[in-house]
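To start, the structure itself, in structure tokens.
Here you go:
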């Protein structure tokens with residue numbers, strides 16, 4: 001029979017794909033848009049005959065029936081409608097996940113073929129094995145010193161390095177996919193950029209492999225990116241030992257950390273929809289596993305929320321397996337977000353909160369914004385049950401959260417203990433003559449000079465009295481034993497007084513006990529009288545451990561007496577872990593006039609030089625024993641009530 005010429009039929013690629021252990025899928029791909037349609041077997045055979053007839057096959061033209069032609073025409077109508085919808089429908093803007101195709105890679109594949117044949121094959125695996133052997137040799141000889149790079153993975157330098165290096169590493173990753181796809185004859189489509197939270201990441205579209213590649217080739221294409229990441233990590237591992245002692249070692253250490261962590265935690269992990277997931281689905285012959293798992297979990301959730309009025313629960317073990325996979329994927333992403341957020345939240349002046357919020361949106365919100373989620377229409381009874389079930393679950397969650405144990409945290413402003421451990425005071429009363437300026441000083445440098453005429457006059461009188469007593473002793477020593485003994489006692493008494501007077505005069509001059517930094521106090525102008533014990537400033541030596549101090553609130557004294565469990569110091573952008581058991585409280589005599597509370601000061605040693613703390617205050621974060629959330633709320637209310645009473649006292653006293 002004569003056929004109406006169907007020009008669109010030649011723009012479809014018909015493929016037979018394995019989808020499941022005992023089921024074959026017939027796929028039709030629209031070459032112009034890249035859309036893939038799953039066809040029934042009868043429609044796929046009809047489409048094949050029509051395509052053959054369009055190419056001029058007379059035998060196929062005779063075998064095409066009217067019903068087959070009608071079915072194929074209906075399929076072509078659907079494809080035309082899909083094309084029109086793509087042109088007319090405006091995509092919903094996704095502010096955290098957007099793709100921008102930049103270049104068609106298909107025409108470049110013939111030039112890539114020689115490189116693909118050279119790199120994709122057993123030779124690359126041999127190269128990886130050699131790198132692995134070198135890494136094992138260097139790691140064993142150095143006692144795996146490179147793993148020290150993991151300790152600073154959340155430092156500001158490491159995060160900045162990741163921001164600069166990650167797109168470059170992603171180019172190598174995508175090149176692995178592109179070369180492997182080219183090696184096995186899979187046509188590449190577009191290459192471009194993903195904007196993930198306004199952060200650019202390169203990508204290559206290899207979706208053609210779903211319809212044109214064999215299963216083992218699809219596995220190889222998915223594995224290629226993971227193997228490239230591992231190779232980059234191994235190269236960084238070896239280079240780290242070759243550039244020891246330079247800044248390049250720090251940079252290469254960060255590259256090693258990000259390459260390995262990205263492979264283990266994300267790309268190679270089947271719980272995230274990245275390369276490892278596609279390898280697993282092809283190995284299990286379960287295409288669209290994540291989509292089916294999400295749909296099964298959604299049905300189960302709806303069934304539970306409406307107590308069986310809507311949705312459905314899994315009937316077979318494989319359906320429960322899909323539910324377990326979906327729940328496991330969600331919990332894994334939640335765990336990763338928690339670990340990263342817990343490490344970043346207290347850092348960088350709140351920027352950790354921004355990073356955590358960005359990660360939460362990218363992991364949980366962005367996937368929901370990529371596709372339209374069909375709304376389930378429920379009757380009134382099902383809606384009421386779901387509403388009450390949600391309210392009950394929310395109430396139960398609130399009650400359960402009330403019993404979750406959480407530690408107490410207290411942030412204190414601390415600095416070198418200049419009012420205690422490092423304080424310098426006058427040894428003798430006197431008039432201030434000179435005070436050294438603040439700054440680095442050497443050992444023996446004169447810090448302060450005082451003058452006290454009364455002490456010097458008294459010293460002269462004592463010297464004269466001592467000389468007279470000695471003369472009297474000499475005059476009676478041989479003739480009158482009793483008088484000699486009395487004169488000897490007077491000499492001893494006057495000698496002690498002269499020694500005390502000499503120490504008092506020596507105390508008028510204060511010298512630096514060693515090299516360090518002098519921090520003078522704010523004193524009156526020269527000539528002011530300073531009683532004994534007046535603070536002149538603080539001396540911070542360049543050697544020895546440091547002692548820090550800071551004000552401590554009275555309401556946390558009971559928590560402190562139970563013992564802090566952790567202490568972390570942030571100073572000059574660095575974080576140091578301190579020994580919480582070494583912290584001590586001292587009571588300052590007096591009461592805070594504004595609040596009416598007693599004044600406490602905390603001291604804690606740190607593995608720093610005291611001189612390095614000059615003019616550099618820090619923040620100490622103390623962690624106390626965990627208690628249920630309800631106890632935290634009670635403690636917070638008690639604190640608010642105490643502040644209210646303090647405000648009342650201050651208002652009544654006119655402070």
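Residue numbers (UniProt numbering): 1 to 655.
Where is the CB? At the ideal position from N, CA and C, for every residue including glycine.
Given the structure is predicted, the values throughout are model-derived calculations rather than measurements.
Alpha carbon of residue 332 to alpha carbon of residue 397, nearest angstrom:
Counting from one through the chain shown, the residue named residue 332 turns up at place 332. Counting from one through the chain shown, the residue named residue 397 turns up at place 397. So the alpha carbons of these two residues sit roughly 20 angstroms apart.
Which one of 263, 251, 440, 212 has the shortest CA to CA distance from residue 227?
Counted from its first residue, the chain shown places residue 227 at position 227. Selected option, being the one with the closest Cα: 263.
Since residue 444 contacts residue 512 with CB under 8 angstroms, what's their CB separation in whole angstroms?
Position 444 of the chain shown, counted from the start, is the residue given in the question as residue 444. Position 512 of the chain shown, counted from the start, is the residue given in the question as residue 512. Confirmed, about 6 angstroms.
Following the continuous alpha helix (DSSP H) through residue 275, name the residue where it begins and the one where it ends.
Here the question's residue 275 lines up with position 275 in the chain shown. From DSSP, the alpha helix (DSSP H) with residue 275 extends over 275–284.
Does residue 577 come out as helix, strand or coil in the three-state DSSP assignment?
The residue given as residue 577 occupies position 577 in the chain shown. In the structure shown, residue 577 sits in a strand (DSSP, three-state: E or B).
Considering only residues of the stretch 22–77, which uninterrupted beta strand (DSSP E) runs meet the minimum length of 3 residues and lie entirely inside it, listed in chain order?
24–30, 36–39
Please decide whether residue 532 counts as near chain B, where near means a Cβ-Cβ distance under 7 angstroms.
Considering every chain present, this structure includes no chain B. It has just one protein chain.
How long is the line joining the alpha carbons of residue 134 and residue 235, rounded to whole angstroms?
One-based indexing of the chain shown puts residue 134 at position 134. One-based indexing of the chain shown puts residue 235 at position 235. Going by the C-alpha atoms only, they are around 10 angstroms apart.
Identity of the residues DSSP links to residue 621 by a beta bridge:
Counting from 1 along the chain shown, the entry for residue 621 is found at position 621. BP columns for residue 621 point to 411, 568.
Does DSSP put residue 176 in a helix, in a strand, or in coil?
Walking along the chain shown from the start, residue 176 turns up at place 176. In this structure, residue 176 counts as helix in the three-state DSSP scheme.
For residue 613 versus residue 552, is the C-beta spacing smaller than 7 angstroms?
In the chain shown, residue 613 corresponds to position 613, counting from 1. In the chain shown, residue 552 corresponds to position 552, counting from 1. Not in contact: residue 613 and residue 552 (Cβ atoms no closer than 7 angstroms).
From the DSSP secondary-structure annotation, give me the bridge partner or partners of residue 200.
For the purposes of this step, residue 200 is taken as the residue at position 200 of the chain shown. According to DSSP, which records beta bridges pairwise, residue 200 is partnered with 195.
Between the C-alpha atoms of residue 286 and residue 635, what's the straight-line distance to the nearest angstrom?
Taking the chain shown and counting its residues from 1, one reaches residue 286 at position 286. Taking the chain shown and counting its residues from 1, one reaches residue 635 at position 635. Roughly 53 angstroms separates the two Cα atoms.
Identified DSSP bridge partners for residue 451
Looking up residue 451 in the chain shown gives position 451. Paired residue(s): 431.
Residue 122, enclosing alpha helix (DSSP H) - first and last residue:
Locating residue 122 in the chain shown gives position 122, counting from the first residue. First-last of the alpha helix (DSSP H) with residue 122: 122–141.
Can you check which of these residues, 130, 237, 380, 304, is closest to residue 390 by C-alpha distance?
The sequence position of residue 390 within the chain shown is 390, counting from 1. Residue 390 has its Cα closest to that of 304, out of 130, 237, 380, 304.
Are the Cβ atoms of residue 585 and residue 575 separated by less than 7 angstroms?
The sequence position of residue 585 within the chain shown is 585, counting from 1. The sequence position of residue 575 within the chain shown is 575, counting from 1. No.
Between the alpha carbons of residue 15 and residue 30, how many angstroms are there, rounded?
Numbered from its first residue, the chain shown carries residue 15 at position 15. Numbered from its first residue, the chain shown carries residue 30 at position 30. Near 11 angstroms, if we compare the C-alpha coordinates of residue 30 and residue 15.
What are the residues that DSSP puts in a beta bridge with residue 190?
Within the chain shown, the letter at position 190 stands for residue 190. Residue 190 is bridged to 104.
What three-state label does DSSP hand residue 317 in the structure shown?
In the chain shown, residue 317 corresponds to position 317, counting from 1. DSSP places residue 317 in helix when its eight states are reduced to three.
By the 10 Å Cβ neighbour count, where 16 or more other Cβ atoms means buried, how is residue 567 classified, buried or exposed?
What you label residue 567 is simply residue 567 of the chain shown in a count that begins at 1. The residue is buried, with at least 16 neighbouring Cβ atoms inside 10 Å.
Using the Cβ count rule (16 or more neighbours within 10 Å means buried), how would you classify residue 276?
The count along the chain shown starts at 1 and reaches residue 276 at position 276. So residue 276 counts as buried.
Three-state secondary structure (DSSP) at residue 158?
Locating residue 158 in the chain shown gives position 158, counting from the first residue. Helix at residue 158.
Do the CB positions of residue 514 and residue 611 come within less than 7 angstroms of each other?
As a first step, residue 514 is located in the chain shown; it is residue number 514 there, counting from the start. As a first step, residue 611 is located in the chain shown; it is residue number 611 there, counting from the start. Contact flag unset, no.
Heavy atom of the ligand ZN less than 6 angstroms from the Cβ of residue 629, yes or no?
The ligand ZN is not among the ligands present in this structure, which contains no ligands whatsoever.
Given a cut-off of 7 angstroms, decide if residue 562 and residue 625 are closer than it, judged by their beta-carbon atoms.
To locate residue 625, count along the chain shown from 1; it is residue 625. To locate residue 562, count along the chain shown from 1; it is residue 562. Yes, the pair counts as a contact, with Cβ atoms nearer than the cut-off.
Which word fits residue 409, buried or exposed, when buried means at least 16 other C-beta atoms lie within 10 angstroms of its C-beta?
Residue numbering aside, residue 409 sits at position 409 when the chain shown is read from its first letter. Exposed.
How long is the line joining the alpha carbons of residue 465 and residue 450, rounded to whole angstroms?
By one-based count along the chain shown, residue 465 stands at place 465. By one-based count along the chain shown, residue 450 stands at place 450. Taking the straight line joining both Cα atoms gives about 26 angstroms.
Cα-Cα separation, residue 504 to residue 418
Translated into positions along the chain shown, residue 504 becomes position 504. Translated into positions along the chain shown, residue 418 becomes position 418. Answer to the nearest angstrom: the Cα atoms are 24 angstroms apart.
Skipping 5 residues on each side, what residues in its chain have a beta carbon closer than 7 angstroms to that of residue 120?
Position 120 of the chain shown holds residue 120. Once the five neighbours on either side are set aside, the close Cβ partners of residue 120 are 179, 180, 183.
Tell me the rounded alpha-carbon separation between residue 416 and residue 273.
Residue numbering aside, residue 416 sits at position 416 when the chain shown is read from its first letter. Residue numbering aside, residue 273 sits at position 273 when the chain shown is read from its first letter. Each residue's alpha carbon lies about 51 angstroms from the other.
Can you tell me where the alpha helix (DSSP H) with residue 396 in it begins and where it stops?
As a first step, residue 396 must be located in the chain shown, where it is residue number 396. 380–402 is the extent of the alpha helix (DSSP H) around residue 396.
Go ahead and label residue 637 buried or exposed: buried means 16 or more other beta carbons lie within 10 angstroms of its beta carbon, across all protein chains shown.
Taking the chain shown and counting its residues from 1, the one referred to as residue 637 is at position 637. When all chains shown are included, residue 637 counts as exposed.
Write down the C-beta distance between residue 528 and residue 432 rounded to the nearest angstrom, noting that I regard them as a contact closer than 8 angstroms.
Translated into positions along the chain shown, residue 528 becomes position 528. Translated into positions along the chain shown, residue 432 becomes position 432. Sure, about 5 angstroms apart at Cβ, within 8 angstroms.
Should residue 556 go down as buried or exposed, given a rule of 16 or more other Cβ atoms within 10 Å for buried?
Numbered from 1 along the chain shown, position 556 holds the residue referred to as residue 556. Residue 556 is buried by the Cβ-count criterion.
By DSSP's criteria, residue 537 is part of a beta bridge. Which residues make up the other side?
For the purposes of this step, residue 537 is taken as residue 537 along the chain shown, with counting starting at 1. Note: residue 537 sits in a beta bridge opposite 424, 520.
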